[in-house]
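Below is one structure, written out as structure tokens, with a few remarks after it.
4 protein chains.
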Amino acid sequence: MTTTEAPPARGRPRDERTRVAILDAAAELMLENGVDKVSMDTIAVRAGASKATIYRWWPTKESLALDAVYRQWSAAQAEAEPSGSVRADLVALLTPWSRLAASKPYARVIAALLNAAQSNPDFAVQYRAHFVEPRRERGREILNAAVRDGQVPPDTDIELVLDLLYGPIYHRLLQGHATVDDRFVRGVVDVVCAGLGIS
Amino acid sequence: MTTTEAPPARGRPRDERTRVAILDAAAELMLENGVDKVSMDTIAVRAGASKATIYRWWPTKESLALDAVYRQWSAAQAEAEPSGSVRADLVALLTPWSRLAASKPYARVIAALLNAAQSNPDFAVQYRAHFVEPRRERGREILNAAVRDGQVPPDTDIELVLDLLYGPIYHRLLQGHATVDDRFVRGVVDVVCAGLGIS
Amino acid sequence: MTTTEAPPARGRPRDERTRVAILDAAAELMLENGVDKVSMDTIAVRAGASKATIYRWWPTKESLALDAVYRQWSAAQAEAEPSGSVRADLVALLTPWSRLAASKPYARVIAALLNAAQSNPDFAVQYRAHFVEPRRERGREILNAAVRDGQVPPDTDIELVLDLLYGPIYHRLLQGHATVDDRFVRGVVDVVCAGLGIS
Amino acid sequence: MTTTEAPPARGRPRDERTRVAILDAAAELMLENGVDKVSMDTIAVRAGASKATIYRWWPTKESLALDAVYRQWSAAQAEAEPSGSVRADLVALLTPWSRLAASKPYARVIAALLNAAQSNPDFAVQYRAHFVEPRRERGREILNAAVRDGQVPPDTDIELVLDLLYGPIYHRLLQGHATVDDRFVRGVVDVVCAGLGIS
DNA sequence: CGGTAATCGAGACGGTACGTCATGTCTTACA
DNA sequence: TGTAAGACATGACGTACCGTCTCGATTACCG
Numbered sequence: 539m540t541t542t543e544a545p546p547a548r549g550r551p552r553d554e555r556t557r558v559a560i561l562d563a564a565a566e567l568m569l570e571n572g573v574d575k576v577s578m579d580t581i582a583v584r585a586g587a588s589k590a591t592i593y594r595w596w597p598t599k600e601s602l603a604l605d606a607v608y609r610q611w612s613a614a615q616a617e618a619e620p621s622g623s624v625r626a627d628l629v630a631l632l633t634p635w636s637r638l639a640a641s642k643p644y645a646r647v648i649a650a651l652l653n654a655a656q657s658n659p660d661f662a663v664q665y666r667a668h669f670v671e672p673r674r675e676r677g678r679e680i681l682n683a684a685v686r687d688g689q690v691p692p693d694t695d696i697e698l699v700l701d702l703l704y705g706p707i708y709h710r711l712l713q714g715h716a717t718v719d720d721r722f723v724r725g726v727v728d729v730v731c732a733g734l735g736i737s
Numbered sequence: 539m540t541t542t543e544a545p546p547a548r549g550r551p552r553d554e555r556t557r558v559a560i561l562d563a564a565a566e567l568m569l570e571n572g573v574d575k576v577s578m579d580t581i582a583v584r585a586g587a588s589k590a591t592i593y594r595w596w597p598t599k600e601s602l603a604l605d606a607v608y609r610q611w612s613a614a615q616a617e618a619e620p621s622g623s624v625r626a627d628l629v630a631l632l633t634p635w636s637r638l639a640a641s642k643p644y645a646r647v648i649a650a651l652l653n654a655a656q657s658n659p660d661f662a663v664q665y666r667a668h669f670v671e672p673r674r675e676r677g678r679e680i681l682n683a684a685v686r687d688g689q690v691p692p693d694t695d696i697e698l699v700l701d702l703l704y705g706p707i708y709h710r711l712l713q714g715h716a717t718v719d720d721r722f723v724r725g726v727v728d729v730v731c732a733g734l735g736i737s
Numbered sequence: 539m540t541t542t543e544a545p546p547a548r549g550r551p552r553d554e555r556t557r558v559a560i561l562d563a564a565a566e567l568m569l570e571n572g573v574d575k576v577s578m579d580t581i582a583v584r585a586g587a588s589k590a591t592i593y594r595w596w597p598t599k600e601s602l603a604l605d606a607v608y609r610q611w612s613a614a615q616a617e618a619e620p621s622g623s624v625r626a627d628l629v630a631l632l633t634p635w636s637r638l639a640a641s642k643p644y645a646r647v648i649a650a651l652l653n654a655a656q657s658n659p660d661f662a663v664q665y666r667a668h669f670v671e672p673r674r675e676r677g678r679e680i681l682n683a684a685v686r687d688g689q690v691p692p693d694t695d696i697e698l699v700l701d702l703l704y705g706p707i708y709h710r711l712l713q714g715h716a717t718v719d720d721r722f723v724r725g726v727v728d729v730v731c732a733g734l735g736i737s
Numbered sequence: 539m540t541t542t543e544a545p546p547a548r549g550r551p552r553d554e555r556t557r558v559a560i561l562d563a564a565a566e567l568m569l570e571n572g573v574d575k576v577s578m579d580t581i582a583v584r585a586g587a588s589k590a591t592i593y594r595w596w597p598t599k600e601s602l603a604l605d606a607v608y609r610q611w612s613a614a615q616a617e618a619e620p621s622g623s624v625r626a627d628l629v630a631l632l633t634p635w636s637r638l639a640a641s642k643p644y645a646r647v648i649a650a651l652l653n654a655a656q657s658n659p660d661f662a663v664q665y666r667a668h669f670v671e672p673r674r675e676r677g678r679e680i681l682n683a684a685v686r687d688g689q690v691p692p693d694t695d696i697e698l699v700l701d702l703l704y705g706p707i708y709h710r711l712l713q714g715h716a717t718v719d720d721r722f723v724r725g726v727v728d729v730v731c732a733g734l735g736i737s
């Protein structure tokens with residue numbers, strides 16, 4: 539049984555340092571100024587790269603923004619141990635994430651990605667696959683385990699519960715009408731748990 | 539006590555038909571194509587107006603989008619009678635609104651406004667004053683009445699509850715990972731009411 | 539009898555100073571560096587104009603080069619009096635023109651126009667209408683007059699004679715294998731006149 | 539006196555088939571589309587060669603164009619026997635050459651070379667050494683022989699006569715205001731010979 | 001036969017200019 | 001004064017070439 543060999547890789551290989559420089563430059567500029575206010579030229583100059591090189595690997599500014607921010611985003615993820623308590627697990631899931639999201643002007647970038655996703659279904663898929671689904675999946679596991687344990691009734695609409703958990707946090711992040719802090723996250727989890735009949 | 543008379547109005551008065559034509563053209567084009575894909579030139583041509591006239595009354599494209607869409611939005615509002623049941627009142631508040639929001643590609647425009655608001659605090663205030671606060675205020679009244687009635691404990695964090703109600707719906711509208719229908723809205727209200735200890 | 543009135547001219551009129559600034563900048567830069575070595579951006583900056591404004595009035599760099607150089611070219615034209623002598627008239631026609639052509643690196647610009655004309659029939663027509671035909675026409679008049687006078691046989695192929703007069707001068711200008719001076723021009727006219735049987 | 543031996547030739551020798559493939563591809567593409575419209579990438583792909591290989595042997599696109607077209611050009615040359623008649627010898631010199639030049643869009647390539655030569659003295663030398671001098675030299679021989687024979691006065695300016703012969707043909711080829719056919723060539727030779735006092 | 005040296009194809013890369021498009025301001029004439 | 005028409009400066013866009021580079025593979029000579 540032979541593993542599929544990597545192809546011989548003809549031609550000059552992609553320069554990893556350039557790739558990283560572009561992503562770093564994009565992330566820094568976009569977080570500081572917002573995606574729309576940053577030009578591809580500026581990113582190219584900051585990265586010491588060529589605009590053509592950027593377009594060779596990222597078709598649009600938004601796809602670059604997604605990769606660039608996701609790089610920081612995913613680097614700052616820590617998995618928590620399941621504790622047996624649904625409430626505690628949900629708080630442990632949401633709190634670090636909400637702290638990260640509120641720690642820098644990520645909301646501005648998220649809003650830009652969201653905006654781009656509205657008119658581009660392919661990009662919407664990319665966006666959800668990176669920023670939405672992984673986090674929902676973790677929540678889904680916690681809730682499914684709770685159903686198996688009998689802590690939550692078996693006819694519970696898990697997807698609805700996930701929206702009840704993430705929706706309010708996104709709401710505050712994006713609309714900016716109030717701050718997102720640990721108290722708020724705990725409050726959301728408390729009401730939802732109470733609503734599901736969890737002690 | 540005299541009502542404040544309109545000022546003498548020197549020169550040619552503002553043309554109301556032009557104002558409406560601009561708003562209509564902007565709303566139609568932006569709903570169909572998304573705010574970013576529509577240029578001010580296109581709106582001007584469609585409205586039979588001059589670009590200078592548009593900029594005279596609206597400083598940015600987003601402020602025009604806000605006015606244009608809010609005009610349709612507010613025209614389609616109906617106030618429901620308070621029924622005595624918190625749950626029923628909340629459903630009566632959220633359902634027509636969620637139907638409206640999902641009836642056309644409003645989410646695309648909302649996302650654009652939200653995006654603009656991230657980098658422009660003044661516009662963020664405008665946005666919230668038009669699209670967020672009026673609806674929250676209606677919900678706030680319902681919940682405050684419930685507190686007065688004793689249906690809800692007096693230490694309830696009303697703002698958090700409002701986010702629990704609106705957040706999930708906005709979440710689905712913007713992220714597009716699932717549809718917003720009456721069942722979903724009722725589900726949200728059910729869990730939240732249960733969480734608050736409402737029968 | 540009413541002269542055809544110019545139409546009311548709606549909108550902001552074209553800025554004549556901008557037009558002249560663009561032509562001057564283009565002429566100066568192109569003569570100094572050659573058409574190909576000058577970028578539209580550079581011309582725009584030098585003219586204090588916008589690139590978009592240039593493209594609004596001139597579709598290609600070559601069409602701009604044509605207008606710009608023709609402006610200098612045509613300004614430096616002086617008409618000579620017919621003297622009765624074909625030879626003298628031809629010398630009087632060709633000498634000032636050849637001096638002008640050799641006075642600055644016009645040949646470099648002409649070569650660029652010629653090159654562009656090879657692949658663009660419409661531009662070729664423009665080029666000939668500006669740089670070739672007016673001068674040929676003057677020569678044609680002289681030669682036709684000579685035919686009427688009987689100085690030249692009536693079956694003379696005028697167009698061929700014109701090519702015999704202009705061809706050698708263009709040849710030296712473009713190929714650069716020898717200089718174009720008054721002696722050369724007179725020599726060309728002498729041989730051609732002798733070939734036509736003119737005393 | 540020893541002929542300088544080729545050096546021992548270390549390393550892999552140059553691939554002759556590649557050289558020919560590049561020249562063929564360049565000639566075909568440039569004649570069909572014009573030098574400026576053809577990119578080095580396109581030539582490389584058509585030739586099945588690498589762009590780096592092209593640049594290794596030809597410093598600029600124009601130098602490649604020169605080699606590529608000269609290859610066809612020189613392959614189609616036939617030497618005519620001296621006949622004793624100057625007029626006949628000149629016609630025999632110019633006619634096959636003018637036929638060749640007019641047989642394909644060579645003028646377009648010539649114009650590009652000429653254009654490049656205007657801004658690059660070294661290339662101008664190359665151009666003349668390939669396309670101008672060999673032909674002039676043949677004409678020079680004919681005319682010098684005519685001087686020796688006494689058919690032409692000894693004080694004749696041979697270079698001027700050469701320009702009178704080649705200039706008009708180049709003029710029509712490049713300016714395109716009239717066709718170059720055998721009649722035209724014979725007409726040029728006739729007038730020039732008459733001008734020189736040749737029967 | 002193994003090492004050294006050059007050539008070659010593939011293709012990534014930095015850079016420059018292109019020609020287009022949208023924004024927001026302006027200048028004119030008309031209402 | 002308000003407005004339509006439309007010119008204009010500004011600046012970003014996304015593309016196309018240029019000429020250089022870095023690989024791995026190839027092909028000769030040379031020891």
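Protein chains in written order, with my numbering: chain L, 539 to 737; chain W, 539 to 737; chain C, 539 to 737; chain F, 539 to 737.
Just so you know, even glycine gets a beta-carbon here, dropped at the ideal spot from N, CA and C.
| Check | Outcome |
| --- | --- |
| Against D701/C, what residues of chain F qualify as contacts under a CB-to-CB distance less than 7 angstroms, listed in chain order? | P706, H709, R710 |
| So the candidates are L681/F, N653/F, V624/F, Q689/F; which of them puts its Cα closest to the Cα of E697/F? | L681/F |
| Which stretch, first to last residue, makes up the alpha helix (DSSP H) that contains F661/W? | 659 to 665 |
| Nearest CA to the CA of S588/F: which residue from N658/L, R674/L, Y644/L, G549/L? | G549/L |
| Between the region 669 to 684 of chain C and the region 682 to 691 of chain F, do three or more beta carbon pairs fall short of 8 angstroms? | no |
| Excluding the five sequence neighbours on either side, which residues of its own chain have a C-beta within less than 6 angstroms of the C-beta of A650/W, listed in chain order? | V573 |
| Does V558/W pass the burial test, meaning 16 or more other C-beta atoms within 10 Å, or should it be called exposed? | exposed |
| Run through DSSP, which three-state label would R674/C get? | helix |
| Does A565/W come within less than 8 angstroms of chain L when only Cβ atoms are used? | no |
| Return no unless some Cβ of chain F is closer than 8 angstroms to the Cβ of L698/C. | yes |
| Please confirm whether S577/L has its beta-carbon closer than 8 angstroms to some beta-carbon of chain W. | no |
| Helix, strand or coil for T580/C per DSSP? | helix |
| Looking at the C-beta of G572/W, does it have a partner C-beta in chain L at a distance below 8 angstroms? | yes |
| Mapping DSSP to helix, strand and coil, what is V607/L? | helix |
| Listing by chain order, which chain W residues have their CB less than 7 angstroms from the CB of Q656/L? | G572, A645, R646, A649 |
| Taking just the CA atoms, how far does A585/F sit from G733/F? | 50 angstroms |
| Return the first residue and the last residue of the alpha helix (DSSP H) that T633/W is part of. | 624 to 641 |
| From this set, E554/L, R637/L, L604/L, which residue's C-alpha is nearest R721/L's C-alpha? | R637/L |
| With a 10 Å radius around its C-beta and 16 neighbouring C-beta atoms as the bar for buried, classify V699/C as buried or exposed. | buried |
| Assuming V726/C contacts L712/C under a Cβ cut-off of 8 angstroms, what Cβ separation, rounded to an integer in Å, is found between them? | At roughly 15 angstroms, the Cβ-Cβ gap does not stay under 8 angstroms, so V726/C and L712/C are not in contact. |
| Could you tell me if E570/C is buried or exposed, where buried requires 16 or more neighbouring beta carbons within 10 angstroms of its beta carbon? | exposed |
| Could you give the first and the last residue of the continuous alpha helix (DSSP H) run that contains H709/F? | 696 to 713 |
| Excluding the five sequence neighbours on either side, which residues of its own chain have a C-beta within less than 7 angstroms of the C-beta of L561/W, listed in chain order? | D605, A606, R609 |
| Considering Cα atoms alone, identify which of A616/F, P620/F, S601/F, G688/F is closest to I648/F. | S601/F |
| Which stretch, first to last residue, makes up the alpha helix (DSSP H) that contains I560/C? | 554 to 571 |
| Output the boundary residues of the alpha helix (DSSP H) element that contains L652/F. | 644 to 656 |
| Round the Cβ separation of V729/C and V629/F to the nearest angstrom and send it over; I've been treating them as touching at under 8 angstroms. | V729/C to V629/F, Cβ: 17 angstroms. No contact. |
| Taking the straight line between their C-alpha atoms, what separation do you get for V583/W and T591/L? | 38 angstroms |
| Given a threshold of 16 other Cβ atoms within 10 Å of its Cβ, counted over all protein chains shown, does D701/C qualify as buried or as exposed? | buried |
| Quick test of your reading: A662/C and A655/C, contact by CB under 8 angstroms. State the CB separation rounded to the nearest angstrom. | 4 angstroms |
| Under a Cβ-count criterion, where at least 16 other Cβ atoms within 10 Å of its own Cβ denotes burial, should D627/L be classed as buried or exposed? | buried |
| At a CB distance below 7 angstroms, what residues from the region 715 to 731 of chain W approach chain L? Give them in sequence order. | H715, A716, F722, G725, V726, V729, V730 |
| Give the residues of chain C in contact with V670/F, contact being defined as C-beta atoms less than 7 angstroms apart. | Q713, H715 |
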